[in-house]
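In our numbering, the protein residues as written are 155 to 406.
Laid out in structure tokens, this is it:
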């Protein structure tokens, strides 16, 4: 006859917790999700979805972010101050998904290369003739007025925003030549509306504009601390919704 005695369940025996050693706790920008600064064009991204107004400057943590933050309103010429921590030059193009040597200006698969020698021949040829059609500049920034100021922000400048990139790069080059850290120079970024007529249709989009801004000692110190977080990171934190690098570099 089965026993009706109640047996008390024993508490599970857990292993003793061992504190993580300081040298085991290595955190850098690969372990966080940095926001990305963007300008809102009517037909793409958060503006097309109605999450932000057209022609504003905003930040978001990926395209699935339900609450992007508007940092500069449309039409404003007062921008947001940023300090550049690091810069990466990359190349990108839309290519045939079955043959990366074939460019597809309309449609195709977006690919990115960290080394020019890894890019297709049509990209290398454009560079050899002095073109910048496929060139991109990825900046890792400190944004002191952001609600996420403790996180590095990313901003990508290319194509119609290339004039802003050239301006920023010129001043950063001067800082480097003077032996000063890049983040000792402050910039102000703001969105500007652009439009053009083609085949009877009006195309409208937004670009980044940039100008120098006054750096404060407090901001430079904070930028220095944030730089130490990203200094060991080998690649920029690209938007996770974009295609991974064709050269095999992680899209992180």
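Ideal Cβ placement from N, Cα and C applies to all residues, glycine included.
Secondary structure of residue i, DSSP reduced to three states
{"i": "residue 369", "result": "coil"}
{"i": "residue 419", "result": "The chain is shown from 155 up to 406; residue 419 falls before or after that span and cannot be answered."}
{"i": "residue 289", "result": "strand"}
{"i": "residue 208", "result": "coil"}
{"i": "residue 364", "result": "strand"}
{"i": "residue 283", "result": "coil"}
{"i": "residue 239", "result": "strand"}
{"i": "residue 248", "result": "strand"}
{"i": "residue 375", "result": "helix"}
{"i": "residue 381", "result": "helix"}
{"i": "residue 217", "result": "coil"}
{"i": "residue 272", "result": "helix"}
{"i": "residue 315", "result": "helix"}
Test item: CB-CB of residue i and residue j under 8 angstroms
{"i": "residue 218", "j": "residue 190", "result": "no"}
{"i": "residue 337", "j": "residue 378", "result": "yes"}
{"i": "residue 361", "j": "residue 348", "result": "yes"}
{"i": "residue 198", "j": "residue 344", "result": "no"}
{"i": "residue 206", "j": "residue 222", "result": "yes"}
{"i": "residue 212", "j": "residue 200", "result": "yes"}
{"i": "residue 249", "j": "residue 243", "result": "no"}
Per-residue burial, residue i [other beta carbons within 10 Å of its own, 16 or more giving buried]
{"i": "residue 283", "result": "exposed"}
{"i": "residue 192", "result": "buried"}
{"i": "residue 233", "result": "buried"}
{"i": "residue 332", "result": "exposed"}
{"i": "residue 373", "result": "buried"}
TODO: May I ask you to verify whether the region 314–328 touches the region 275–294, counting CB pairs closer than 8 angstroms and requiring at least 3?
DONE: yes
Open item on the list: Measuring CB atoms only, is the region 307–316 touching the region 351–358, in the sense that at least three cross pairs come out at less than 8 angstroms?
Closed with: no
TODO: Tell me, please, whether the region 266–283 touches the region 369–383 by the rule of three or more beta-carbon pairs shorter than 8 angstroms.
DONE: no
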